[in-house]
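First comes the structure, then the notes that go with it.
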Amino acid sequence: MIAYLTLILCCQLAGELITVASGIPIPGPVVGMVILFAGLLARGRLPDGLAAVADTLLRHLSLLFVPAGVGVVLHLHVVSEDWPAIAVALVVSTLATIAVTAWVMVLLGRHAPSDTGTEER
Amino acid sequence: MGADLERIWVYLSASPLLSLTLTLAAYQLGLWLYTRARLNPLLNPVLIAVCILVGILLATRTEYGVYFEGAQFVHFLLGPATVALAIPLYRQFEAIRRSALAIIASIVTGSATAALSAVAIARLFGVSDTVLVSLAPKSVTTPVAMGIAEQLGGLPSLTAVLVILTGILGAALGPFMLNLLRIRSWSARGLAIGVAAHGIGTARALQINEVAGAFSGLAMGLNALATAALLPLLWKLIQ
C-alpha cells in the first residue's frame, strides 16, 4: 500500500520537475498521470495494490475540491458588476459544450454494446 | 464561562485540526444527502459542503487563510489523485484506442465551443476584454486556466473563481442535459462532462460509472492541452 502511494507521489514529483524544467503549460500532476499511464502500458498489467490505492483516492475525488470551492465563494466579489453576463455565459456555454462534445463522440465513435447505459431518472 | 468558551474557540480555531475536521464533516453530510437523494446531480456533495463551510466561516468571521491551514491537507491530495487517474484510463485503454480519432475530434470541438460560446455571450452584454479573456478558459482545470488567462492579459484570480463555478454547474446540470439529448453512451457522457467541467465533473462521473469516469479524466487532461494550444490563436482571431 505504502509502496504504491510512494510510486504515485514519485510520478507526481517527476511530473512537477518536468513542467518546471521545460516550461510547458501543463500542471505537474497531469504529466505525472501520463508517466504512470506509460509505465502501466510498458508493464502490461495493473498491480492489485496500485489499483486499491488509486481507487481509494478517486472514490472521494469530490472531497478534494471542497477547500478550493470555499475559497471561491468567499472571493465571489471579484465577479463584480458583470455578474449577470457571466452567469448567463457560464450556464449556456457549459450546457452547449456538453451537448457538442457528446454529439461529436456519438457521431464518430465506435461503441461497444457494453458502452451503453442509463443514468438515474 | 463565556470567557472560557472564547479561549477554547480561539485555541481551536488556530489549530488546523478544527478546519480539517469541519471540512470532512461537511462533506460527509453532503454525501449523506446526495446518497439519500439517489445521487441526484443537483445535490452535489461539493456544493453542499462548500455552502455549509462558507456559512460557518462567515458566522465566525474566520479568515480563509486560517481555514486553509487545516484544509490544505485535503487540498494537497488533488495532485496524487490526478496522477491516480492513470488507473481508470489504463483499464479503458482498449476502448480509447478503438475510438482515438473520435475522442480527439470531440475534445477539440468541445474545447473550442467552451471558449467561444462563453466569450460570444459575455460580449453581447458588453463585458470588457480583460473579463472576456479571464472567462475563456473556464472549462480547463484550474492551474492551466489561470496560466492561460495570465498569458492573454486576463485576471487569474477571476479565472480561478469561474473555473470552480463552471465545474459545479457542469456536474450539477450536465447529466440532465445529457439525458435530455438521449446520450446513452458512457464514453460520450464522460467526455462531455470532462471537457465542460474538468475535475469536479470527473469526480461525479467516477461515482456513476467507471467508463464515464475514465473518459472524463482523459477529456480533462486533453482539454487542458487543446485549450492551452488553441486559445491564444483563437483570441487573436476574434479580438
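Those protein sequences? They're chains A and B, same order as listed. Under the working numbering, the first residue of the first sequence carries the number 2, and numbering increases by one thereafter. Under the working numbering, the first residue of the second sequence carries the number 39, and numbering increases by one thereafter. Note that beta-carbon positions come from the ideal geometry of N, C-alpha and C, so glycine has one too. Quick caveat, the model's predicted, so the values are computed rather than measured.
- Inter-segment contact for the stretch 123-135 of chain B and the stretch 32-45 of chain A is present: three or more beta-carbon pairs are separated by less than 8 Å.
- For M2(A), not one C-beta of chain B is nearer than 8 Å to its own C-beta.
- V178(B) does not reach chain A, its nearest Cβ partner there being about 10 Å away, counting only Cβ pairs nearer than 7 Å.
- Counting the other CB atoms within 10 Å of its CB gives Y105(B) a total of 16 or more, which places it among the buried residues.
- Looking at A264(B), A174(B), M258(B) and L275(B), the one whose alpha-carbon comes closest to that of V121(B) is M258(B).
- Classified as exposed, R45(B) has fewer than 16 neighbouring CB atoms from the shown chains inside 10 Å of its CB.
- Along the stretch 13-29 of chain A, going in chain order, the ones with a CB nearer than 8 Å to a CB of chain B are Q13, G16, P26, I27, P28 and G29.
- Excluding its 5 nearest sequence neighbours in each direction, L207(B) has C-beta neighbours in its own chain below 8 Å: A235, listed in chain order.
- If the five residues before and after E248(B) are omitted, its C-beta is found closer than 8 Å to the C-beta atoms of P126, R129 and Q130, all from its own chain and listed in chain order.
- In this structure, DSSP gives T180(B) a helical state, which the three-state scheme calls helix.
- Interface annotation for the stretch 49-60 of chain B against chain A: S57, criterion Cβ-Cβ distance under 9 Å.
- It is roughly 11 Å from the alpha-carbon of I94(B) to the alpha-carbon of E101(B).
- Rounded to whole angstroms, R161(B) and G185(B) show a C-alpha spacing of 22 Å.
- At a C-beta separation below 9 Å, G33(A) has these neighbours in chain B: G117, P118, T120, V121 and A124.
- Look at the stretch 190-206 of chain B: the residues with a C-beta under 8 Å from a C-beta of chain A are L193, S195, L196, A198, V199, L200, I202, L203, T204, G205 and I206.
- Ranking R227(B), P181(B), T98(B) and R76(B) by CA distance to the CA of A52(B) puts T98(B) first.
- A direct Cα-Cα distance of roughly 45 Å separates T168(B) from A53(A).
- L272(B) does not reach chain A, its nearest Cβ partner there being about 14 Å away, counting only Cβ pairs nearer than 9 Å.
- Leaving aside the five residues that flank L59(A) on each side, none in its chain has a CB nearer than 6 Å to its CB.
- When 8 Å is used as the limit between beta carbons, G110(A) is near these residues of chain B: S137, A140, I141, S144, S223, S225 and A226, in chain order.
- Taking 8 Å as the cut-off, the Cβ atoms of S254(B) and G239(B) count as close.
- Taking a contact to require three or more Cβ pairs closer than 8 Å, the stretch 144-158 of chain B and the stretch 64-71 of chain A do not qualify as touching.
- Looking at the DSSP output, T117(A) bridges to S223(B).
- Boundaries of the alpha helix (DSSP H) around G72(A): V67 to L75.
- With a threshold of 8 Å between beta carbons, P48(A) makes no contact with chain B.
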